[in-house]
Amino acid sequence: MEDGGAHSPDCKSKADQQRVVKECANNASRTWRTNESRTTEGLDGQDRQLHYTAKYRVYKKRWVGLVQLVLLNIVVSWDWISFSPVSTTSAQYFNVSETAINWMSTSFLFSFCVVSPLVIWVLNKGGPKQAIIWASMLLLAGNWTRYAGTRATGGHFRVVMLGQVLCGLAQPFALSAPSRYSDLWFTASGRIAATAVMSLANPFGAALGQLINPFLATQPSDISNMTLYIAIISTLATAPSFFIPAHPPTPPCPSAEEKKLPLSSSFKTVRTSATFWLILIPFSVYVGLFNSLSTLLNQILSPYGLSESAAGICGALLIFVGLVASAITSPILDRSKKSLLAIKLLVPMIGICYLGFIWAPRTRANAAPFATASILGAVSFCLVPVILEFLVETLHPVSPEITSTICWSGGQLFGGIFLLVSNTLKATKDADPPYNMHRALVFQAVIAVAAVPLPLCIGWFGIDAKARRTEADKRSTELEGIGIVNVEAEGDALNQTHLP
């Protein structure tokens, strides 16, 4: 496929050349999805073959969809974590065990995996807007179902669980869309940052839940009002979803308009890629461990004398520090294109942090858990958008929603499994201290360290790590040959450049 301009004919007059250039520009302004060619007759009576492409540009309206995905990821994650920061209080309100409260989060994670095939199909066929609408409708249904369950006398646990599952079904639509949205609306110089903002809004919502919910539900009778407030916020956040643009009028760069592989071919490419598996496994492990740790944080710290509020602050630090770190590193990595180096540096640091968490709660003070959580959050949040964009780069032209949905599904699946295992490893009331989760922390550390070597192998032993999407953009924008005219048109403005 040829790029960037038109072959200038050997015209007999300057007026003839200007007419041809203007014709190319006018045609270029009318089309953007395909490179076109047509034959025109010069003043010398000879047919001239003209080749031209549309102008690539980005639009301010791209921020509308970005903000909407940020809002959806905030509220869906807040829904996930709703009852975990107040697990003791929630257990008293519903008259169930804390293990049953943990199932609120576990069911949420497993719901993600169940609906993932539909998510891939919706994003592939309908694009990000359709996924946003699906997420909004499920969030509305889930949040108000949860509130109805809490309003029943004594709380109707099964109804609340149903609402929780509906919210869980909404999460993959919101969480898998960012990389697809970035590919559709942003250039290579802004995709990592855009994906970071949208994806990391998800744990930001969890941080809000960790920090705010203990103050909203200080006693069992407050659980219903807490659920109502979250439902109102979710309703306001989902309202704009139906009005965002579906796609840009013109593509931001050549790779955005390049036809992606069909689903069947994409799955075959992903299945046979060693790079994908070496990234998928550690990503799934670390997302799963993060979900498990966030859910159980109150139960990890409370046996050592730390309050629910302290656990909420620790969870907030885990996320807020990570957001700040990612905000700093993402633009740098967008410019430097050193994604693989960043992955190889960050992954070992995550393993070390989980090792540190084995001993942090046993200090019986806030300092060690707070510091460890802050460092873990920083390295984890820096890693997430880098991995998602790295897979899109190396597996191009596989459509982005396929790799992102599979990766996030693996993380939710492992998170649910780790929660179940951690609950099993919870100490009894006869332990010192009672009901401590020291064995669960050891289990998490072992799993975290075991996953470290996998991404370190990328680039070695013949394992491919080429940035194919970036290379496709470069190939498409390079103009080769003599007498090439690069034409850009916006309204009546023409920019004609002759390249030797």
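Numbering follows this note's numbering, with no gaps: position 116 of the sequence shown is 166.
All C-beta atoms, glycine included, are put in the ideal place defined by N, C-alpha and C.
Remember, it's a predicted structure, so these values are computed and weren't measured experimentally.
Distance, residue j Cα to residue i Cα
i	j	result
residue 355	residue 293	49 Å
residue 377	residue 489	34 Å
residue 374	residue 425	11 Å
residue 352	residue 270	18 Å
residue 444	residue 242	14 Å
residue 395	residue 506	9 Å
residue 262	residue 322	45 Å
residue 461	residue 166	12 Å
residue 447	residue 109	23 Å
residue 344	residue 476	16 Å
residue 337	residue 406	18 Å
residue 208	residue 216	13 Å
residue 415	residue 347	14 Å
residue 204	residue 181	36 Å
residue 310	residue 185	24 Å
residue 286	residue 500	43 Å
residue 423	residue 497	18 Å
residue 152	residue 240	38 Å
residue 417	residue 142	30 Å
residue 434	residue 302	24 Å
residue 172	residue 232	16 Å
residue 87	residue 225	Residue placement at residue 87 is flagged as unreliable, the pLDDT there being 42, under the threshold of 50; a coordinate-derived value is accordingly withheld.
residue 89	residue 107	With a pLDDT of 42 at residue 89, under the threshold of 50, the modelled position of that residue is not reliable, and the figure given next carries that caveat. Answer to the nearest angstrom: the Cα atoms are 27 Å apart.
residue 481	residue 145	24 Å
residue 247	residue 255	12 Å
Limits of the alpha helix (DSSP H) - the one that residue i falls within
i	result
residue 255	241 to 266
residue 133	Residue 133 -> no alpha helix (DSSP H), and no H or E assigned at all.
residue 110	Per DSSP, residue 110 belongs to no alpha helix (DSSP H) and is neither H nor E.
residue 404	389 to 406
residue 196	148 to 201
residue 356	First-last for residue 356: undefined, no H or E at that position.
residue 488	488 to 500
residue 287	273 to 288
residue 210	207 to 225
residue 507	Neither: residue 507 is in no alpha helix (DSSP H) and is coded neither H nor E.
residue 317	313 to 321
residue 462	450 to 474
residue 428	417 to 445
Option nearest residue i by Cα separation, candidates the options
i	options	result
residue 118	329, 362, 253 and 228	228
residue 510	225, 236 and 390	390
residue 432	231, 494 and 382	382
residue 120	428, 249 and 370	249
residue 257	124, 286 and 164	124
residue 290	147, 478 and 183	183
residue 148	464, 504, 508 and 474	474
residue 253	380, 372 and 199	372
residue 427	436, 366, 190 and 275	366
residue 210	222, 197 and 221	197
residue 282	224, 334, 191 and 236	191
residue 200	386, 369 and 278	278
residue 236	288, 480 and 116	116
Nonlocal neighbours in the same chain, by C-beta distance under 6 Å from residue i, ignoring five residues either side
i	result
residue 154	133 and 214
residue 438	229, 245 and 454
residue 413	none
residue 284	125, 189 and 193
residue 456	none
residue 450	229, 230, 233 and 442
Close Cβ partners of residue i (< 8 Å) along its chain, the five nearest in sequence each way excluded
i	result
residue 452	170, 174, 313, 316, 317 and 320
residue 150	141, 144 and 207
Beta-carbon proximity list for residue i, same chain, < 7 Å, skipping 5 on both sides
i	result
residue 264	135, 136, 358, 359 and 362
residue 95	Confidence is the limiting factor: at residue 95 the pLDDT is only 42, short of 50, which leaves the residue's position unreliable, though a coordinate-based value still follows. Here the set comprises nothing.
residue 504	328, 331 and 332
residue 349	137, 148 and 487
residue 419	351, 364, 410 and 411
residue 340	430
residue 195	209, 212, 213 and 216
residue 179	294 and 296
residue 508	325, 328, 390 and 515
residue 471	493
residue 276	263, 266 and 267
residue 380	242, 243, 246 and 435
Pair within 8 Å by beta-carbon distance, residue i and residue j
i	j	result
residue 329	residue 441	yes
residue 280	residue 113	no
residue 398	residue 492	no
residue 342	residue 234	no
residue 122	residue 161	no
residue 458	residue 222	yes
residue 159	residue 465	yes
residue 393	residue 436	yes
residue 139	residue 267	yes
residue 404	residue 494	yes
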